[in-house]
Amino acid sequence: MILACLACKGEKKADVNDLRDTFEAFQKEHPFLHLEDPLEDVFTSYIVTPVGGWISFSGIFADGPFWVQRLLNFLEEKTDYPTFREILDSSLALVKLTDATALRVGLVRYSQGGGTPKKITELPDQEILLPRKDSVIFSNEELLSFGVERDSLEDFNLSEERRSHLLEEDLLDNALERFPILLCEGYVVLIEPSQVCRAVVRSILHRVSMVMRGWADTFFEKESAEFFVNEVLRRLEIDPIRVPLPAPPESLPDFWPVCGQFDFGKPVLGLTFAAKLSEGAHLEQALSLDAEQVPVFETYIAECCAALSNVEGFTGGMILMNFSALGRDLLFGFNEIPEHWHFFGGGLGEWGTLRNEKGFDAFRLWRLGEQLDHSESLGVHLSNWSGLANLYAYWKSNGFLIIPQNYDLDSGQLRLSIASNFCHDLNVELRRRPDAHCRLNHSRDRWTHLQRINSGHHPDFDLNRIYGDVSSVRDGVFLGCSESSETVWWVECSEEVAHEYSRDCKFQLWECLLNWTDAAAQHVEELVPERFESVLVRLHLPNIDEWAVESLPSLEDLCDEASHSVDLSVDPDAGVITLSIPQAFIREFHRPANDAERALLHRLVEGVVSLSGSGDFQKIDAIVETILPNPDARHFHVLKVEKLENILARSGNAKVRYIPTEAVNNLQLGLADTVGRLKPKDRTNRESIVKFLTKLVEKQWEQIEAGLAPYDLASTVNLCFQQLDEINVEKSRWESTTRALLALHANEPWIVDRIREKRENLSLAEIANRLLIEIAVYSGASVNRIPISLVEHSQLTAKITVLLDLANYRDSIAGGFMKPEITIHPNGAIEVDRKFFEDVFSPYIRSHVDDQISFHAENYESYFSFEKETDADPASQTMSDEGKRFLRVFEEEFGFRFDVLGDALEMFHERAMETRQSLVLIASQDLKSMISRRSGISSSAAAHFIERFTLPIRKGWNKDLGRFRDRDVFPWCHRRSFSILSRPMIQIDKSPSMLMVSVTHLHRWFQYFLNNLESGYFPEHHFRAKGFRKHLGEIANRRGHSFARSALEKIEGLGIDCQLEVALTALGAPASPDLGDIDVFAWDKPTGRVFLIECKRLRVALTARDVIQRLDEFRGEAGDQLGKHIARVEWISENLSGVSKVTGIPQKNLKVVPILLTNDRVPMKFMERLEFPSKFIVPIQDIETIFHDSFH
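In this text, residue positions in the sequence shown follow this note's numbering: the first is 4, and each later residue adds one.
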């Protein structure tokens, strides 16, 4: 473009071929043009202002649209200053031309850039190029149609006089950057669309520097700091704190310091370094400190950090620096920062972009800092010249690892250079995801600043066309719109609320209506009169602060009451539909069938029909059915709450601290070096690998113990119990909404995957928090120490995840289910062949998860049915002999009556409901007295209760175990005696003995304890009394026979002939050797198939150790649990005469089908390398498939 401006002086009209010849010749002679670097990531961006919004071309001006937006807003607030109105109008006029150009060529906001870095720039084909030429030419009449006065563009015109100075100017600081248009006779040409942002910034800076001088700097610095604090630090979940800081030296610019804290003992120093507006439009001047200022700055930072290090429990902090550089280059460096502090600096535009990244908060930044320090400690020096966003994008793309797996720590070349284009895709996503833009509101009297909301669970966020007005929320107004059709559909709720609960309810109802409005938009589009560009749906919630959802009557009462309806009013002149939900109607939501939302949608469609004036009210039902074909689809739930953690939970979403991927991956760095790398020759030796992995497991375990030891035991237990409550609240939310989610998204695979992923992440976090409590009591931690922080807590949960993975690998290789192969990467990370986990363990666990998903979807009604209390039948109160025997052996085993369990639970429950607190800190002696009084038992019996269900402080993991075994402590084993599921009360001090009890966890333990007692699933060695052990054995035996009988009944119900427990001697087998019997012997005469069904009632295997043990028990070898059944099948297959006599099927027609029928899904089903074909291993829930022809 510069060449054209300098050389084109004739009258000949250039065509495409002229341009191509010149372009290609110039490229051959000028190596600079072989580079297209840096790459444009977001080709078209968007500028949001209080007076409108427009598409702009980003060019390679760093955060250009962002700075144009900031400066235009700066001018808009100060139009009373001389000439500010004029420069605002001229800048907006230029920006409007870029918007018109983009729309002409079909470019939408946040279009992605093209090209390849460091490659030759290619000229587009003629078919593409010619239309683009016309898109930058505007007649005077067209300018007026855009609201642009031609004269307002004069300030940006590349006049002949300005053009004549091009040869005298620098390549990167010339007139084209300031004057990107040509004013011609009758028309205007936008000659440099990519330079518009730069031109606007330079123009504004030039004018502001002349008018405001030093005041401009103060205003700009203040506003930059406010944006950083309110829009960035707050989004990073950094709370402000008051700490006196030293006065900044006069030789330094003002850094506008702020103090914050994101975790206990983790302060943050926020600084803003802004460019001087008074210095004018020299954008090539870098923002930096001079050589004399650097040491002064270092001293100032050290003094600030020293002041912040006095916060309680200080264990480290962060310095976050915001550079408001106005697109200028940034050269900012210093020699060192204080120990235990991390430094991150980025441009204000970078921070503004990164805040849109899901999961990007102060905790993640801290973990990035920890990885950088870890890398430095290994001698790896990082080189990143492209800013914070590029560093973060590199880290994320590398699986949140700074040092890649193939980076050799022993190579001696320990400098890691990060390429400049990592942030490309991240920048695109973080702009497209929120899709910030402007739109006139329905009344067309205010521009609304819209961002995408409710991205939902769908992986393709572009499918979501629902937006919310950011600014109106501050005024207590929820305003959003759907842009899914040509008509814009606004939904507004401006009801004033006084309580957090009411605000939450208001938001959920507004969001519900907004979602259904979006779903309805395309179906009712044709009904909207052409005069309306938009429709406003107002939601009115009268007296919402007085709504008492908790006092809902029972379902039966609801069915008898008169229906309550949504009130509808329509203003056809204004295009406004108002829906008013009375308090009584909220009860309509408390039904399994989605009658309430269907009624709401019906009223909405009725309002649209009324608005149209067509009178086609008979179409409403059909339209509603089209929009909502599945009655299970819903957005708003009013449910019965039974679990204590849900009753005590605050409004809003649960705050679960998931196990951070970046922390888990960082632990892989140098992992092998923690115990010494396995020699290459031993990396395929099973015994050597098992020993090596055992050492790694023990090292991780030691590190977890050491990591817990410095912290207050009570704070660790408290935090973990709080997290367990948050996890279970979140679980309940997903369980209760499963049916609705599946219905809303038509059971598409991605939503099932999303539910699976959520359940998996919640389960991992739950296991890790339980284990942290269990390890803490023998880690050496005690009371009256510093509380544990969330950072240390998440780091320890990550270590537990690594510990369990290593133990699983070890056990799988030791059991022969994984290849004895291990890879140790150059960076010290280890890798094993995960085929066993991918093919067997994960699909097996997923099958259970899918059963749970189906269960919760099928049992949605359980959240609504309130059962009325009825008088018990006197006959049912008579206890059976078996029940009496259970009570007797229970007391013999535990030393107290069975009903003491319920008394204790009830006592704690009452206290929790009274205090609205789940956690109770109580002396053992006081608890003993309370239980004794409550249940009327002796002090010694109460002491037995406390001793049996308390997890005591111990001197080490394998110390003070008494009669129990090491496996009762091993974190990777299930049903451990020394787990909080077996011992729910936690001893946190010994002198005197103090217990911490989570009442919510006590409820969960009670259910777990009763279920395992009733099922007979507890390991026998957990109990001392012979009578109780015998009772458990009888339960297991009885349940086994009961399972076989239930299988028989199901098969009979399918019309298949069958018999129970058929001895092989009845089929002609000899008495010796004893081949036993067939649990269920079934046959199908038409097909000649005979089913030899072995019924196995098994405990669910939930850990890798359990799965490996189960697979080992069912290999199908002699002596294991399948060996005898295989022997029976083999004998019968060779001796069919007896089978023929029993079944009446001719011997030649007989087909023997061996079946292993289980009470639940089992891992053997997914294991191909067994003597018994996995195809014939069938869980009871799939029993019908055995008799389908396709099964065979």
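Even glycine gets a Cβ: it sits at the ideal position worked out from N, Cα and C.
All of these numbers come straight from a predicted model, not from anything done at the bench.
Looking only at its own chain, which residues have a Cβ that is under 6 Å from the Cβ of residue i, when we skip the five neighbours before and after it?
| i | result |
| --- | --- |
| V644 | I650 |
| R680 | I827 |
| S1001 | F724, S921 and L922 |
| V678 | K698, L699 and K702 |
| H1034 | V892 |
| G1141 | L1070 and G1071 |
Rounding to the nearest angstrom, what Cα-Cα distance links residue i and residue j in this structure?
| i | j | result |
| --- | --- | --- |
| L248 | L385 | 31 Å |
| Y470 | E536 | 17 Å |
| D257 | L75 | 24 Å |
| L1159 | G1079 | 15 Å |
| E795 | A784 | 14 Å |
| N177 | I184 | 14 Å |
| R979 | R1100 | 21 Å |
| Y866 | T101 | 55 Å |
| N1138 | N1040 | 30 Å |
| E1174 | G1119 | 5 Å |
| W344 | R773 | 31 Å |
| L647 | A599 | 27 Å |
| R23 | N338 | 50 Å |
| A657 | I730 | 7 Å |
Mind checking if residue i is an interface residue toward chain C, Cβ cutoff 7 Å exclusive?
| i | result |
| --- | --- |
| E536 | Looking for chain C here will not work: only one protein chain is present. |
Where does residue i sit, in a helix, a strand or coil, going by DSSP?
| i | result |
| --- | --- |
| L3 | One cannot answer for residue 3 here, as it falls past the ends of the chain, which runs 4 to 1195. |
| E645 | coil |
| S59 | strand |
| E559 | Per-residue confidence for E559 stands at a pLDDT of 45, beneath the threshold of 50, marking its modelled position as unreliable; no derived number is given. |
| H796 | helix |
| N424 | coil |
| F840 | helix |
| G1079 | coil |
| S617 | coil |
| V261 | strand |
| A17 | coil |
| N1040 | helix |
| Q990 | strand |
| Q1124 | coil |
| G109 | coil |
| P995 | coil |
Assuming the contact rule is C-beta atoms closer than 8 Å, residue i and residue j should be a hit. Round their C-beta distance to whole Å, please.
| i | j | result |
| --- | --- | --- |
| I949 | L922 | At roughly 17 Å, the Cβ-Cβ gap does not stay under 8 Å, so I949 and L922 are not in contact. |
| S327 | S227 | 4 Å |
| L571 | C496 | Not confirmed; about 16 Å, so no contact. |
| Q928 | I956 | Rounded, the Cβ-Cβ distance is 16 Å, inconsistent with contact. |
| P987 | L1005 | 5 Å |
| L453 | H440 | 6 Å |
| R742 | V852 | That pair is no contact at about 16 Å. |
| L78 | L91 | 4 Å |
| F363 | L357 | 5 Å |
| F222 | G273 | Between G273 and F222 the Cβ distance is about 19 Å, and since that is not below 8 Å, they are no contact. |
Leaving aside the five residues before and after residue i along the sequence, list all residues of the same chain whose C-beta is less than 8 Å from its C-beta, in chain order.
| i | result |
| --- | --- |
| G959 | Y781 |
| A501 | D548 |
| V805 | V667, L670, Q671, L674 and Q703 |
| L908 | L1005, H1006 and F1009 |
| L582 | L516, V540, R541, L542, H543, V569, D570, L571, L603, R606, L607 and G610 |
What residues in its chain sit with their C-beta under 7 Å from that of residue i, if we drop five residues either side in the sequence?
| i | result |
| --- | --- |
| A1074 | T1068 |
| L1051 | C1061, L1063 and V1083 |
Quick check for students: name the residue ranges of the beta strand (DSSP E) that lie wholly in the stretch 374-406, counting only runs of 3 or more. 384-386
Which runs of the alpha helix (DSSP H) at least 4 residues long sit entirely within the stretch 660-710? Give them in chain order. 664-671
So within the stretch 511-592, which uninterrupted beta strand (DSSP E) runs reach at least 3 residues, ignoring any that extend past its ends? 537-543, 570-574 and 579-583
Starting from the N-terminal side, write out each stretch of the alpha helix (DSSP H) that is 4 residues or longer and does not extend beyond the stretch 431-497. 473-476
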